[in-house]
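Asks: Here it is, the structure in full.
Numbering (mature numbering (1 follows the signal peptide of the UniProt record, and there is no 0)), first residue to last: -37 to -1, 1 to 646.
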């Protein structure tokens, strides 16, 4: 997901369903295939392990982060939060993921928000910030065997000593990343399995070698290195040239490879992963994309792991790449969530395989279009996953998908070697219904009888089959979650919480900077517990962070609103804070954010602007506000008019608002500076 890439999904046209009325004639009986299959193209496929196996399977996973994608998940009430986590991580239940990849927060914008660093400043360490620690523990609680990956998108500014670059002082960066791994173990008893370099940005061979050295020095030999979470090149070419680097990189991870690899990557003999993929709106087309790449990343590209961005859409939907996740949970205030089709597509692979299984050596392309993979545990078990996704029903957000055609067909499989004695295969089936709108997802059908080592299956288009010797597999039927509700139209937070379960206040979505609960020990009483902006140096960025800090909250569709907040400027002379309404942007587009911004500054002036950058001034004047004193700001927006109060008295009025017409509420600061907020209220 390049920061400059378009956030809009390519328009997905729907091709008419050929053979729409074709009956699915599967020969579940004991005898040879039934009459009626002859009209379809028929092709034989041999599954044999006598001449050895293919590559080792490393698992299917998803990403939390890159960034702030799980932000709203943490403040769901029980039992809904646990149900969502079960659908993602519980074995033989829903997605049953094998891998969880998380962002190592670096205080910078990484797509849909910022995630806090464990080291905001050089002399600072805190392994309880953010929500990724909690999420990894919840995943491990459900599946102790799940693999964990950490990857930075951004880094705190001190790492670069003033430069927007993490490799000038590679020993500092390595120390910082290894501290995160050590903290995961010391404070949360989490063993990190893999570590990445810098998401979708340049790599430094010197840094990667130093990272390996630092890991080994801290007895972390078991932690494997993935590089470079970008494209196949130049990392593959460099690994072939540099034998020392070849010795320390364990996995080549490419992003959005379009199911293809490159010759150099194969020549390295390394494990090849699609270490970030999918990123597509989670409707039926998104499910088709996911079904196709889960198979074809191996069939076409020898990739033994595919990892989806992102795990769960728990961020405001109007932020970039809304609902580009395996499932949707973006309403903690109502408890509503939705188990989308990609969850059940995932289950077709994850519930019937495990990391450590091996792919069989087969071509994997179906003659009538589509693909299949076959995997074994080496103990006689066999799982076959078949997909027949059509072009228009399986386009991912990137890269562009060359045209191909898929037609109904009959596939005959011949089981040889240790599979010859298999008599029965369990059958799980999904059909993505585009025209009808009726999808059948992850349904168990009658077992298939294997007749003298072979069986036939009639395949229609836009289907997924799992055929397996395993007698497991379950489609959980949790009770329906509550119905959707908009964000409360009257919302207050006084931040008075002595031992908060998380470092950030519920529903605030930081877009530049980090806003954390703070205990104001010196305050006489009214403002002991506050929310504080704590990033005081521009981070090493991944996207285009704003020059101001900002945290969003509420409903993007809000028109008329009153926002009130107590504010405390800590920075003398040129410090400043704002409250805002009708805020129209965030994520990677945060620099272009418009809205109605009411600013007060430590020099005793105020401004009203229509942009976060503070350049489009609608009104300005004197306020008498000073630093290190509490003041109350109130912003009223009604129709095309806005006015503002300071400490309950009218400060400015008759400001005309043309656009934006709707948007969130927000708080923030003039620069990367300390400032505090209390008694937030939006109505």
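All residues carry an ideal CB built from backbone N, CA and C; glycine is no exception.
Residue 46 by DSSP, collapsed to three states: which one?
Replies: Taking the first residue of the chain shown as position 1, residue 46 is located at position 83. If DSSP states are grouped into helix, strand and coil, residue 46 belongs with the helices.
Asks: Could you check if residue 358 is buried or exposed, using at least 16 other CB atoms within 10 Å of its CB as the buried criterion?
Replies: Start at 1 with the first residue of the chain shown, and residue 358 comes out as number 395. The residue in question, residue 358, is buried, as its Cβ has 16 or more Cβ neighbours within 10 Å.
Asks: Nearest to residue 85 by alpha carbon, out of 212, 51, 124?
Replies: Working through the chain shown from its first residue, we reach residue 85 at position 122. Of 212, 51, 124, the residue nearest in Cα terms is 124.
Asks: Starting from the C-beta of residue 93, find all residues in its chain whose C-beta is less than 7 Å away, skip the five residues before and the five after it, and write them out in chain order.
Replies: Your numbering for residue 93 matches position 130 in the chain shown. Excluding residues within five positions, the ones whose Cβ falls inside 7 Å are 68, 78, 79, 466.
Asks: Suppose the cutoff is 7 Å on Cβ atoms and the five residues either side in sequence are ignored; what does the same chain contact list for residue 181 look like?
Replies: Sequence index remark: in the chain shown, residue 181 carries index 218 (1-based). Correct list, in chain order: 141, 145.
Asks: When the Cα of residue 71 is compared with those of 566, 561, 497, 633, which residue comes out closest?
Replies: Within the chain shown, numbered from 1, the residue matching residue 71 stands at position 108. Of the listed residues, the one whose Cα sits closest to residue 71 is 497.
Asks: Near residue 438, which residues of its chain fall below 6 Å by C-beta distance, leaving aside the five closest residues on each side in sequence?
Replies: Numbered from 1 along the chain shown, position 475 holds the residue referred to as residue 438. Closer than 6 Å at Cβ, skipping near neighbours: 405.
Asks: Who are the near neighbours of residue 646 in its chain, counting only those whose CB is closer than 6 Å to its CB and skipping five residues on each side?
Replies: By one-based count along the chain shown, residue 646 stands at place 683. For residue 646, where only same-chain residues beyond five positions count, the Cβ hits under 6 Å are 453, 525.
Asks: Run through the segment 134 to 215 for me and flag every whole alpha helix (DSSP H) of 4 or more residues, listed as ranges in chain order.
Replies: 168 to 180, 198 to 204, 206 to 211, all fully within the segment 134 to 215.
Asks: Buried or exposed for residue 384, please, with buried defined as at least 16 other CB atoms from any protein chain shown within 10 angstroms of its CB.
Replies: Position 421 of the chain shown holds residue 384. Residue 384 is exposed by the Cβ-count criterion.
Asks: Determine the contact status of residue 425 and residue 351, defining contact as a CB-CB distance below 8 Å.
Replies: The residue you call residue 425 lines up with position 462 of the chain shown. The residue you call residue 351 lines up with position 388 of the chain shown. It is a contact, given that the beta carbons lie within the stated cut-off.
Asks: Under the assumption that residue 630 contacts residue 542 (Cβ atoms under 8 Å), give the Cβ distance between them as a whole number of angstroms.
Replies: Along the chain shown, read from residue 1 onward, the residue named residue 630 stands at position 667. Along the chain shown, read from residue 1 onward, the residue named residue 542 stands at position 579. About 6 Å separates the two Cβ atoms, so the contact holds.
Asks: Nearest-angstrom Cα distance between residue 570 and residue 637?
Replies: Against the chain shown, residue 570 aligns to sequence position 607. Against the chain shown, residue 637 aligns to sequence position 674. The alpha-carbon atoms of residue 570 and residue 637 are separated by roughly 20 Å.
Asks: According to DSSP, is residue 497 helix, strand or coil?
Replies: Along the chain shown, read from residue 1 onward, the residue named residue 497 stands at position 534. Looking at residue 497 - three-state DSSP - the assignment turns out to be coil, as it is neither helix nor strand.
Asks: In the DSSP assignment, what are the bridge partners of residue 10?
Replies: Working through the chain shown from its first residue, we reach residue 10 at position 47. Residue 10 is bridged to 378.
Asks: Using the beta-carbon count (16 or more within 10 Å), is residue 286 buried or exposed?
Replies: Position 323 of the chain shown, counted from the first residue, corresponds to residue 286. Burial call: buried.
Asks: Name, in chain order, the residues that DSSP records as bridge partners for residue 473.
Replies: Locating residue 473 in the chain shown gives position 510, counting from the first residue. Answer is 514.
Asks: Let me see if you follow: with CB-CB separation under 8 Å, is residue 627 close to chain C or not?
Replies: This model lacks chain C altogether, as it is built from one protein chain only.
Asks: For the structure I just gave you, are there three or more beta carbon pairs, one from the segment 584 to 597 and one from the segment 509 to 520, closer than 8 Å?
Replies: With a cut-off of 8 Å, the segment 509 to 520 and the segment 584 to 597 do not count as touching, because too few Cβ pairs lie within range.
Asks: With distance defined between alpha-carbon atoms, name the residue in 272, 620, 295, 297 nearest to residue 242.
Replies: Position 279 of the chain shown, counted from the first residue, corresponds to residue 242. Of 272, 620, 295, 297, the residue nearest in Cα terms is 272.
Asks: Distance check for residue 106 and residue 434, CA to CA, integer angstroms please.
Replies: Against the chain shown, residue 434 aligns to sequence position 471. Against the chain shown, residue 106 aligns to sequence position 143. Cα to Cα, the separation comes out at about 19 Å.
Asks: Taking the beta carbon of residue 484 as the centre, do at least 16 other beta carbons fall within 10 Å, making it buried, or is it exposed?
Replies: Reading the chain shown from its first residue, position 521 is the one you call residue 484. Per the 10 Å Cβ criterion, exposed.
Asks: Using the C-alpha atoms, what's the distance from residue 398 back to residue 346?
Replies: By 1-based counting over the chain shown, the position of residue 346 is 383. By 1-based counting over the chain shown, the position of residue 398 is 435. Approximately 30 Å, taken between the alpha carbons.
Asks: Please report the straight-line C-alpha distance between residue 131 and residue 505, rounded to a whole angstrom.
Replies: On the chain shown, residue 131 is found 168 positions in, with the first residue counted as 1. On the chain shown, residue 505 is found 542 positions in, with the first residue counted as 1. So the alpha carbons of these two residues sit roughly 17 Å apart.
Asks: May I have the straight-line CA-CA distance separating residue 573 from residue 580, to the nearest angstrom?
Replies: What you label residue 573 is simply residue 610 of the chain shown in a count that begins at 1. What you label residue 580 is simply residue 617 of the chain shown in a count that begins at 1. Approximately 7 Å, taken between the alpha carbons.
Asks: Inspect the beta-carbon positions of residue 297 and residue 487 and report whether they are closer than 8 Å.
Replies: Position 334 of the chain shown, counting from 1, holds the residue named residue 297. Position 524 of the chain shown, counting from 1, holds the residue named residue 487. Not a contact, by the Cβ cut-off of 8 Å.
Asks: With H, G and I counted as helix, E and B as strand and the rest as coil, what does DSSP make of residue 109?
Replies: For the purposes of this step, residue 109 is taken as residue 146 along the chain shown, with counting starting at 1. Coil, per DSSP.
Asks: I need the DSSP call for residue 694, collapsed to helix, strand or coil.
Replies: Because the chain here runs from -37 to 646, residue 694 falls outside it and cannot be looked at.
Asks: Is residue 407 near the ligand COA, judged by its Cβ being under 7 Å from some heavy atom?
Replies: With respect to the ligand COA, the structure shown offers nothing to examine, as it has no ligands at all.
Asks: Hey, residue 159 and residue 114 are a contact pair by Cβ (cut 8 Å); roughly how many whole angstroms apart?
Replies: Numbered from its first residue, the chain shown carries residue 159 at position 196. Numbered from its first residue, the chain shown carries residue 114 at position 151. About 3 Å separates the two Cβ atoms, so the contact holds.
Asks: Roughly how many whole angstroms lie between the Cα atoms of residue 451 and residue 607?
Replies: Position 488 of the chain shown, counting from 1, holds the residue named residue 451. Position 644 of the chain shown, counting from 1, holds the residue named residue 607. Roughly 23 Å separates the two Cα atoms.
Asks: Can you give me the C-alpha to C-alpha distance between residue 254 and residue 380, rounded to a whole angstrom?
Replies: Indexing the chain shown from 1 puts residue 254 at position 291. Indexing the chain shown from 1 puts residue 380 at position 417. Roughly 28 Å between the two C-alpha positions.
Asks: Using DSSP with H/G/I as helix, E/B as strand and the rest coil, what is residue 275?
Replies: Residue numbering aside, residue 275 sits at position 312 when the chain shown is read from its first letter. Residue 275: strand per DSSP, three-state reduction.
Asks: Please classify residue 165 as buried or exposed, where buried requires at least 16 neighbouring CB atoms within 10 angstroms.
Replies: On the chain shown, position 202 is the one that residue 165 refers to. Its Cβ having fewer than 16 others within 10 Å, residue 165 is exposed.
Asks: Pick out whichever of 295, 193, 567, 189 has its Cα sitting closest to the Cα of residue 112.
Replies: The count along the chain shown starts at 1 and reaches residue 112 at position 149. Cα-wise, what sits closest to residue 112 is 189.
Asks: What residue range does the alpha helix (DSSP H) around residue 248 cover?
Replies: Stepping through the chain shown from its first residue, residue 248 is reached at position 285. 247 to 262 is the span of the alpha helix (DSSP H), which, as asked, contains residue 248.
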